[in-house]
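**Student:** Take this structure first; my questions come after.
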Amino acid sequence: MFKAFIGKRSKGVENMVERGAVKKFAEAIGDLHPIYVDQDYGKKSRYKQNIAPPTFPRVFDYGNIEDFHLPNVGLIHGEQSFHYERPLFVGEKITCYTEIKDYYEKKGNHGFMGFLVVSDIGEDENGEVIFQSKAVVIITEEVRKVLTV
Amino acid sequence: MTILTELKPGDSLKSVNLEPVSRMDLIKYAGASGDFNPIHTIDEEANKAGLPGIIAHGMWTMGNLSKLFSDYIENGFIEDYTIRFKNMVFIHDIITLNAILKENDGKRMHFSVNATNQNDQKVIKGNIIFNLY
């Protein structure tokens, strides 16, 4: 169903690691450590600034892959990973894009299952990749019915 | 506070017990993350999806778990964070966050991490590689 999209990527979108968004996110995950939210603490830290929590890239806009649509309900998030070269700094610009890495299908006890592997990538202003995340999304029989209608 | 580099393989970071999961926790995470999938906030939508009630965003639990490492941010950073979502988290669940050191080669500390519910079921499970400065 999604095999044709393997290797397709979105056009990069410029995102800002916005201070208010970082604070809201840190609060939502119950991690209001001063390294994320306190400017003075950030300045005195080894980073000389505030950083964002490791799962913050969930917030970014990664753009759209042409003609690629997933329903926003009925999917199962199976796996998630993040790889960092360094933490994200509050206030920096990150160019984000997404890429379909793989798609495969399995027949299990619960019928058909599709596995979609999506990688989200963020680059800093020098074009260096700062993080790469990977999600494995499981598409169940129910969702497939909706998609093929 | 634990001195990170003194940990030996098999040692744990201090586990954290979260307050019982509330609807407001998930509404806040929906707002902060932009993930408004209604199975996380609206009972009727969760029921329509065949669930007994709303479930936490997997990323909410994953986001919580990494706070075990926030106090060590002067020592290093999370280089790799990998999670498998094993079981659903419902409201009123009491989640415990755990990290156990597996290996330390002096440059990187490899932790096995998980979050469990009040029935000792693992809800998420994975690994964190902490890169030391």
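Read top to bottom, the protein sequences are chains A and B.
Letter by letter, the first sequence follows residues 38 to 186 in my numbering.
Letter by letter, the second sequence follows residues 12 to 144 in my numbering.
Backbone N, C-alpha and C define an ideal beta-carbon position, used for all residues, glycine too.
Bear in mind the structure is a predicted one, so any value in this text is a computation, not a measurement.
Which of the residues in the region 42-66 of chain A, read from start to end, lie with their CB under 8 Å from any CB of chain B?
**Tutor:** The region 42-66 of chain A vs chain B, Cβ under 8 Å: A58, K61, F62, E64, A65, I66.
**Student:** Starting from K133 of chain B, follow its DSSP beta bridges and name the residues at the other end.
**Tutor:** Working through the second sequence from its first residue, we reach residue 133 of chain B at position 122. In DSSP, K133 of chain B forms a bridge with B:T127.
**Student:** Could you work out which residue in A:G79, A:G145, A:F149 is closest to V127 of chain A when comparing CA atoms only?
**Tutor:** Translated into the one-based positions of the first sequence, residue 127 of chain A becomes position 90. Ranking A:G79, A:G145, A:F149 by Cα distance to V127 of chain A puts A:G79 first.
**Student:** Excluding the 5 residues preceding and the 5 following A111 of chain B in the sequence, name in chain order all residues of the same chain whose CB lies nearer than 6 Å to its CB.
**Tutor:** Taking the first residue of the second sequence as 1, we reach residue 111 of chain B at position 100. In the sequence as presented, Ala is not what sits at residue 111 of chain B; that position holds Ile. Once the five neighbours on either side are set aside, the close Cβ partners of I111 of chain B are S23, S123.
**Student:** Hey, is D91 of chain B's beta-carbon within less than 8 Å of any beta-carbon in chain A?
**Tutor:** Against the second sequence, residue 91 of chain B aligns to sequence position 80. So, interface residue.
**Student:** Quick check on DSSP: helix, strand or coil for R83 of chain A?
**Tutor:** Sequence index remark: in the first sequence, residue 83 of chain A carries index 46 (1-based). Coil, per DSSP.
**Student:** Consult DSSP for K45 of chain A and reduce its assignment to one of helix, strand or coil.
**Tutor:** For the purposes of this step, residue 45 of chain A is taken as the residue at position 8 of the first sequence. Three-state result, K45 of chain A: coil.
**Student:** Just to confirm before moving on: does the CB-CB distance between S47 of chain A and I131 of chain A stay below 8 Å?
**Tutor:** Position 10 of the first sequence, counted from the start, is the residue given in the question as residue 47 of chain A. Position 94 of the first sequence, counted from the start, is the residue given in the question as residue 131 of chain A. No.
**Student:** Thinking C-beta only, is K144 of chain A closer than 8 Å to F152 of chain A?
**Tutor:** Taking the first sequence and counting its residues from 1, one reaches residue 152 of chain A at position 115. Taking the first sequence and counting its residues from 1, one reaches residue 144 of chain A at position 107. Taking 8 Å as the Cβ cut-off, F152 of chain A and K144 of chain A do not qualify as a contacting pair.
**Student:** Judging by CA-CA distance, which residue of B:A43, B:L18, B:K97, B:M120 is the nearest neighbour of F88 of chain B?
**Tutor:** Residue mapping note: residue 88 of chain B aligns to position 77 of the second sequence, counting from 1. The shortest C-alpha separation from F88 of chain B is found at B:M120.
**Student:** Using 8 Å for Cβ pairs, my map puts D82 of chain B next to I139 of chain B. What's the rounded Cβ distance?
**Tutor:** Stepping through the second sequence from its first residue, residue 82 of chain B is reached at position 71. Stepping through the second sequence from its first residue, residue 139 of chain B is reached at position 128. In fact, because the Cβ distance is near 14 Å, the residues do not count as touching under 8 Å.
**Student:** Is there a Cβ of chain B sitting closer than 8 Å to that of Y121 of chain A, yes or no?
**Tutor:** Working through the first sequence from its first residue, we reach residue 121 of chain A at position 84. True, the Cβ-Cβ gap to chain B drops below 8 Å.
**Student:** Between which two residues does the beta strand (DSSP E) harbouring N109 of chain B extend?
**Tutor:** Position 98 of the second sequence, counted from the start, is the residue given in the question as residue 109 of chain B. Run containing N109 of chain B: 107-115, per the beta strand (DSSP E) assignment.
**Student:** Check the Cβ of P91 of chain A against every Cβ in chain B and list those closer than 7 Å, keeping chain order.
**Tutor:** Walking along the first sequence from the start, residue 91 of chain A turns up at place 54. Near P91 of chain A (Cβ distances below 7 Å), the residues of chain B are S77, I89, Y92.
**Student:** Measure the beta-carbon distance from I66 of chain B to M99 of chain B and round it to whole angstroms, keeping in mind my assumption that it falls under 8 Å.
**Tutor:** Numbered from its first residue, the second sequence carries residue 66 of chain B at position 55. Numbered from its first residue, the second sequence carries residue 99 of chain B at position 88. Sure, about 4 Å apart at Cβ, within 8 Å.
**Student:** Label I84 of chain B either buried or exposed according to how many other C-beta atoms from any shown protein chain fall within 10 Å of its C-beta, with 16 as the threshold for buried.
**Tutor:** Against the second sequence, residue 84 of chain B aligns to sequence position 73. Buried is the call here.
**Student:** Less than 8 Å between the beta carbons of I175 of chain A and L112 of chain A, yes or no?
**Tutor:** Here the question's residue 175 of chain A lines up with position 138 in the first sequence. Here the question's residue 112 of chain A lines up with position 75 in the first sequence. The answer is yes: Cβ separation under 8 Å.
**Student:** Establish whether the CB of V186 of chain A and some CB of chain B are separated by less than 8 Å.
**Tutor:** Along the first sequence, read from residue 1 onward, the residue named residue 186 of chain A stands at position 149. With a pLDDT of 43 at V186 of chain A, under the threshold of 50, the predicted position of this residue should be treated as unreliable, and no value is reported.
**Student:** Could you check if S170 of chain A is buried or exposed, using at least 16 other CB atoms within 10 Å of its CB as the buried criterion?
**Tutor:** Numbered from 1 along the first sequence, position 133 holds the residue referred to as residue 170 of chain A. Buried.
**Student:** Between which two residues does the alpha helix (DSSP H) harbouring Y92 of chain B extend?
**Tutor:** Locating residue 92 of chain B in the second sequence gives position 81, counting from the first residue. Per DSSP, Y92 of chain B belongs to no alpha helix (DSSP H); it is in the beta strand (DSSP E), 87-96.
**Student:** Could you spell out where the alpha helix (DSSP H) holding T72 of chain B opens and where it closes?
**Tutor:** For the purposes of this step, residue 72 of chain B is identified with residue 61 of the second sequence, where counting begins at 1. T72 of chain B -> alpha helix (DSSP H) spans 69-76.
**Student:** Identify the contact partners of D191 of chain A in chain B, using a Cβ-Cβ distance below 8 Å as the criterion.
**Tutor:** Outside the shown range of chain A (38 to 186) lies residue 191 of chain A, about which nothing can therefore be said.
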